[in-house]
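Okay, so the sequence shown: first residue is 252 according to the working numbering, each after it adds one.
Beta carbons: idealized from backbone N, C-alpha and C, even for Gly.
A short write-up of the structure that comes next.
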Amino acid sequence: MKSKYLLYGALSLALAGTMASCSLDYEPKSDYVNEEEDNVIQEAIYKNRAEAESALTALYEDFRGNQNQWQLDWLLIGDVHSDNAYAGTTGSEVVDPATNDLNGTTLCVNRDWDYYMLEAARCTKFIVGVESVEDGSLTPDEVNTMRAQAEILRAMIWFRMVRMWGNIPIVTTVPQDITSDNIEESYESYFPAQNTEAEAYEYILKDLNDALQYAPEGTGDKTRFSKDVARALLAKVYAEKPVRDYAKVIQYVDQLTARGYDLMPSYGDLFNIDGAVKDGFTATPLYSNCKESILEVHYPVGSGNWASWMYGRCLEDWDNSFSWAKWITPSRDLLSAFDKVGDTQRKEQTVVYYECGWSNYYPSDNYAFMYKVRSGYSNVFFLRYDDLLLLKAEALLSQGDLAGAATIIDKIRTRAGVAPLTAAEKANKDSLFKAYVNERRLELACEGERWFDLVRLDILEETMAAAQRNDPGRLPIAVPYTKNSYLLPIPQSVLDTNPNVEQNPGY
């Protein structure tokens, strides 16, 4: 028997649309197919428990370690592309999102698509492979629990992709080698067409509902893909999908509440570090795995979060990498929004001022920096109860329960040391809606949610027009914000190599 192997990354890049056009001269192969003459024999992807466990660990490690896509680019789109932040530095990589000058060659758009497609394919390989470990050493319960964790990660990836691009390819099988006998049936697996947004959300819900049955219970370790992570994602998905179901949002948030999730006493508990502010200390988080956290990643000593260098000072090494302009610079419009409601606590946890050697957006002797990831050992949150609680307020508001929505908003404001909503703000649905939108902005500032809130709530054009008028620090926009701005452009490399993918309108 002649064995043919190729790194799975090559297969996954094919799924990402970055391979050359398929022909019989090109022979894409996966790493689990053996071929002898015309007979193709399907073999187990994982030979034993150790290989399966190692593959699941690798998925977790890549989620923690790939900070470009999971952190930096998410903030580029969520905050720099909105009214929350300036680009920070002056290169096109960050200026294009700030000026709405995105196209099919924009760097963050291209690398994000490729990474998410690759990582979704790795999850799919695991989901398929763990079902048939060769030596049969995994029990059915172990198989279900391991598969569910990969399903949660895949759902997170697809959720990000559908929010960013709308119609996306959903691939749930691991393709076989292409031969002259199976080229027609295999071609679509390597060069998949886009599913509609509605279809993508159905696949996301299918993964999350399966995970809700079989994922491990939420425990003290908030770095795991648990049932509570599935509940939180279900709430966010039902608030976002084309046909929303706010009753489901309330249902899953209430389940999290019943399981003991709550706000920490102080907003600073989420971001403060234990130690002095400079000169070589071990800047560990004050709290990890707290009752407000649903999913977070940790960076213990020896495995630091290098993304902290990209935002400002790395507090455990005061002068390290502080000779060049940083990304995600908080905007004057955001600072003004904090000041208008007297919100000093959240402002101080979001923004810090240093003297630096550049003056792109502020004077160099008093320059504003994003402060929520302030150390190489800072935890990074992906799901928090405050975000979910505010989504419940949105759901109640949509159902006409103004009092219930206002109670939640006031709870968030009280924790931040901000006065409760005024009678005028609670007077009607429109005024309360504006207060709600502002509360989400202040609570989740510089965490990547702002752009997607503006799109979901259909207030993008008016908000960005106001920011352009009122914020003297913003760069002039290159392309006006319209309905076509709601989705990002499909990378040109994908369009060039996969004829089954169509560009989004307006690009």
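Minimum C-alpha distance to residue i - residue among the options
i    : options                : result
D584 : V494, D458, A619       : A619
N689 : Y732, I419, N460, A644 : A644
K542 : A509, V331, R300, T356 : A509
L640 : P443, D496, I296, Q506 : Q506
S343 : R564, Y366, T424, T356 : T356
L566 : S572, R625, T601       : R625
Y622 : Y687, A336, Q318, Y366 : A336
L546 : D637, W560, T601       : D637
E453 : T423, T470, G469       : T423
N797 : W557, S544, E450, Y687 : Here the chain comprises residues numbered 252 to 758, so residue 797 is not present and cannot be evaluated.
G469 : Y512, L708, A295       : Y512
K680 : L648, W578, S388, V669 : L648
R475 : T673, N617, A399, D461 : A399
V706 : L537, D747, T733       : T733
Contact belief for residue i with residue j at Cβ below 8 Å, rounded distance in angstroms
i    : j    : result
P740 : Y758 : 4 Å
I328 : P348 : 6 Å
L711 : V346 : So it is not a contact: roughly 19 Å between Cβ atoms.
K478 : L463 : 6 Å
V548 : V631 : 5 Å
V552 : Y628 : 6 Å
V413 : E382 : Rounded, the Cβ-Cβ distance is 26 Å, inconsistent with contact.
G339 : A717 : 22 Å between Cβ atoms; not a contact.
Q596 : F522 : Actually they do not touch by this definition, with Cβ atoms about 11 Å apart.
Y497 : N395 : Y497 to N395, Cβ: 30 Å. No contact.
Close Cβ partners of residue i (< 8 Å) along its chain, the five nearest in sequence each way excluded
i    : result
D458 : E402, I403, R405, A406, W409
L642 : A486, K487, A490, V500, V504
W325 : R411, G699
R692 : N335, L585, A588, R701, D704
Exposed unless 16 or more other CB atoms sit within 10 angstroms - verdict on residue i
i    : result
E312 : exposed
G651 : exposed
D590 : exposed
P614 : exposed
T386 : Residue identity differs from the one stated: residue 386 is Asp in this sequence, not Thr. With fewer than 16 other Cβ atoms within 10 Å, it is exposed.
K685 : exposed
D330 : buried
E753 : exposed
E694 : buried
G798 : Only positions 252 to 758 of the chain appear in this structure, which leaves residue 798 out of reach.
G593 : exposed
P581 : buried
D568 : buried
N721 : exposed
N617 : exposed
Contact set for residue i: own chain, Cβ-Cβ below 6 Å, skip 5 residues either direction
i    : result
L307 : M397
H332 : P348, W702
G608 : none
L358 : E344
C374 : A401, L404, R405
Beta-carbon proximity list for residue i, same chain, < 7 Å, skipping 5 on both sides
i    : result
N751 : F442, P443, A444
Y562 : K577, W578, I579, F620, M621, V624
G417 : E448, L738, N755
Which runs of the alpha helix (DSSP H) at least 4 residues long sit entirely within the segment 297-356? Give them in chain order.
Taking only runs of at least 4 residues, the alpha helix (DSSP H) segments lying wholly in the segment 297-356 are 300-316, 343-349.
Every unbroken alpha helix (DSSP H) inside the segment 489-519 [4 residues or more]:
Given a length threshold of 4 residues, each whole run of the alpha helix (DSSP H) inside the segment 489-519 is given here in chain order: 497-509.
Could I get the ranges of all uninterrupted alpha helix (DSSP H) runs contained in the segment 636-723, with 4 residues as the minimum, in chain order?
Qualifying alpha helix (DSSP H) stretches, in chain order: 636-649, 653-666, 680-694, 701-707, 711-721.
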